[in-house]
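Following the numbering used here, the numbering of the sequence shown begins with 70 at its first residue and continues without gaps.
Everything on this sheet refers to the single structure shown next.
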Amino acid sequence: MTCVNFVLDHPESTLNRLELLGTLLENCLKSATSTFCLAPDTDYADFLDDFLWSERFLYLPHKHVTSTHQLATFPQVYIGTELSYSSGCRLIFNCTNQVLSEFSDESNIEYIEWITNDPSEKSHMRKIFKHYQSNKINPKLIRL
């Protein structure tokens, strides 16, 4: 069964979408979980690579992957443009801003969508949530 989780930021938070992603990735690494960020294209993957290698996120350990790979012995974030590059990662962050149309064959994978307090983003993500529901996927909502 496909597991899609929508993480809704704390109501008082002022984080933008990228800052919330970085915060969620930091938390995953603290719990020793390697994650995968599915980027829509190589330009965005390169941007995300630079963003995570910033002082704001204390240079989060990450790797831009362009093919299937072996997981490192330490937890890190993997960034790629193909779902097949996520091999071994239990959490997949959808950075495409679109509904996922394909899912990994691996079991125990969780797909993460995240929502900040920006009203236009909430509206967009509500449409994505409903799209998953219309495709017989029952997403969960997690509030921080």
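Glycine is no exception: its CB is placed at the ideal position from the N, C-alpha and C atoms.
- The region 84 to 144 is shown to contain whole beta strand (DSSP E) runs of 3 or more residues at 104 to 107, 131 to 133, in chain order.
- Of all alpha-carbon atoms in 182, 193, 197, the one lying nearest the alpha-carbon of residue 212 is that of 182.
- A buried status is given to residue 149, since no fewer than 16 other beta-carbon atoms sit within 10 Å of its beta-carbon.
- It is roughly 22 Å from the alpha-carbon of residue 115 to the alpha-carbon of residue 96.
- In this structure, residue 179 sits near residue 160, with a CB-CB distance shorter than 7 Å.
- Partner residues in the beta bridge of residue 149, as assigned by DSSP, are 107.
- Residue 99 holds the alpha-carbon nearest to the alpha-carbon of residue 127 among 113, 99, 107, 109.
- Apart from sequence neighbours up to five positions away, the residues of its chain that approach residue 171 with a beta-carbon distance below 7 Å are 152, ordered along the chain.
- For the pair residue 194 and residue 184, the CB atoms are nearer than the 7 Å cut-off.
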